[in-house]
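Some notes on the structure that comes next.
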Amino acid sequence: MVRHLAAGGAHVVVTDVDEARAADVAEACCTAGGSAEAHALDVRDAGAVAGLFADVWARHGAVDLVVSNAGIEAGDRVQDLAPERWAQVLEINLNGAFHCAHAAIPLMSEQGRPGALGIVSSTGGVSTLPYQAAYIASKHAALALAECLHVELQATGAPVQVSALMPNWVRSRIFDDVRAGHEPTDPAARAFFAQMAEDNKARGLDPATAARLLLDGLAAGDFWVFTDPERTAQLFRDRADKLLELRTPAVAAAPAAPAALT
Numbered sequence: 001m002v003r004h005l006a007a008g009g010a011h012v013v014v015t016d017v018d019e020a021r022a023a024d025v026a027e028a029c030c031t032a033g034g035s036a037e038a039h040a041l042d043v044r045d046a047g048a049v050a051g052l053f054a055d056v057w058a059r060h061g062a063v064d065l066v067v068s069n070a071g072i073e074a075g076d077r078v079q080d081l082a083p084e085r086w087a088q089v090l091e092i093n094l095n096g097a098f099h100c101a102h103a104a105i106p107l108m109s110e111q112g113r114p115g116a117l118g119i120v121s122s123t124g125g126v127s128t129l130p131y132q133a134a135y136i137a138s139k140h141a142a143l144a145l146a147e148c149l150h151v152e153l154q155a156t157g158a159p160v161q162v163s164a165l166m167p168n169w170v171r172s173r174i175f176d177d178v179r180a181g182h183e184p185t186d187p188a189a190r191a192f193f194a195q196m197a198e199d200n201k202a203r204g205l206d207p208a209t210a211a212r213l214l215l216d217g218l219a220a221g222d223f224w225v226f227t228d229p230e231r232t233a234q235l236f237r238d239r240a241d242k243l244l245e246l247r248t249p250a251v252a253a254a255p256a257a258p259a260a261l262t
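Counting along the sequence shown from 1, when you hit position 256 you're at 256 in the UniProt record's numbering, and nothing is skipped either side.
In structure tokens, the structure reads:
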């Protein structure tokens, strides 16, 4: 996403908990003729997030677009999921988005031109899956945060566009990062997670393609921003039907992975 923005003339601020990863992306942007800087940032740390936004504001005088994209996965039964891992997923996927919004909105409201805030939920934000309680809960909550923030800023007249980014399958590192240290312990959960990872490789969009689609939606001022509008619309309809008909949640007969992760 930042490579597209840098290629379009924006100065981009790349952040990652791993500073080397952020630096690699920023360097690639600059090598291609763009303008970028890199910073290590743990979005769980509200003070660090606020400090970075204040620093960027002081040096550049504006914050035009923020995309809260930090996210991790956790695939296991609730009873097997370490409380610390549950908390980590919520702190990064949900609290991180809150901390960015909390820091960005006052600055965007003062800069004299509209700003945009993209909160990454996913199609997981309208799905219900086994062995995915932490991730799915975080993405449902991130969507609720985006919706509430959108109507709140409308009510107050703040010049900030809020968008809910709802990517479907994208070939990111999210499954590899789990396998690096948080492999599911339950055999059924492990098999389900492995199938999801394989399906993501087979069906997922290239990250650059997904980023372009998301940026197009942000540029259009859309609240709902998708990478696969047709599939996502079906998931929305399925979710609405389940709620309207008061269906009891049920698992599919086969443990095939859903179209539901970013």
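Every residue gets a Cβ at the ideal spot worked out from N, C-alpha and C, and that includes glycine.
Using beta-carbon positions only, say whether residue i and residue j come within less than 8 Å of one another.
| i | j | result |
| --- | --- | --- |
| Asp80 | Gly115 | no |
| Val170 | Pro229 | no |
| Ser127 | Leu94 | no |
| Ala74 | Val178 | yes |
| Asp76 | Ala189 | yes |
| Tyr131 | Val89 | no |
| Pro66 | Ala22 | It should be pointed out that residue 66 corresponds to Val in this sequence rather than to Pro. For Val66 and Ala22, no; Cβs fall outside 8 Å. |
| Arg85 | His182 | yes |
| Ala6 | Ser35 | yes |
| Leu214 | Pro167 | yes |
| Gly125 | His140 | yes |
| Leu149 | Ser121 | no |
| Thr123 | Thr232 | yes |
If you drop the 5 nearest sequence neighbours on each side, which residues of the same chain put their C-beta closer than 7 Å to that of residue i?
| i | result |
| --- | --- |
| Asp222 | Ser163 |
| Asp42 | Val17, Ala48 |
| Gln234 | none |
| Ala97 | Ser68, Ile119, Ala142, Leu145 |
| Met184 | At residue 184 the sequence reads Pro, which differs from the Met that was named. The residues are Gly75, Asp76, Tyr131, Arg190, Phe193. |
| Trp224 | Ala164, Met166 |
| Pro106 | none |
| Val251 | Pro130 |
| His99 | Val43, Ala46, Val49 |
| Arg239 | Val126 |
Am I right that residue i and residue j are in contact with their C-beta atoms under 8 Å? What's the rounded C-beta distance?
| i | j | result |
| --- | --- | --- |
| Ala142 | Ile119 | 6 Å |
| Leu52 | His60 | No, Leu52 and His60 are not in contact; Cβ-Cβ is about 12 Å, not under 8 Å. |
To which residues of the same chain is residue i closer than 6 Å at the C-beta, ignoring the five residues directly before and after it?
| i | result |
| --- | --- |
| Gly204 | Trp169, Val170, Arg171 |
| His102 | none |
| Val13 | Glu37, Val56 |
| Gln111 | Ala62 |
| Ile174 | Glu73 |
| Ala50 | Ala103 |
| Gln161 | Ala116, Gly221 |
Among the residues of its own chain, which have a CB less than 8 Å from the CB of residue i, if the five just before and after it don't count?
| i | result |
| --- | --- |
| Ala253 | The predicted position of Ala253 is uncertain, since its pLDDT is 49 and thus under 50; no value can be drawn from it. |
| Pro159 | Met108, Ser109, Arg113, Pro114, Gly115 |
| Arg3 | Val25, Ala28, Cys29, Ala32, Gly34, Ala208, Ala211 |
| Ala155 | none |
| Gly241 | The amino acid occupying residue 241 in the given sequence is Asp; Gly does not appear at that position. Only Arg247 meet the Cβ criterion. |
Can you find a CB in chain D that lies within less than 8 Å of the CB of residue i?
| i | result |
| --- | --- |
| His182 | No chain D appears in the structure shown, which is made up of a single protein chain. |
DSSP beta-bridge partners for residue i?
| i | result |
| --- | --- |
| Gln161 | Ala116 |
| Thr209 | Paired residue(s): none; Thr209 is not in a bridge. |
| His99 | DSSP output for His99 lists no bridge partner at all. |
| His11 | Ser35 |
| Asp16 | Ala40 |
| Phe53 | The partner list for Phe53 (beta bridge, DSSP) is empty, contrary to what the question assumes. |
| Ser109 | Looking at the DSSP assignment, Ser109 forms no beta bridge with any residue, so it has no partner. |
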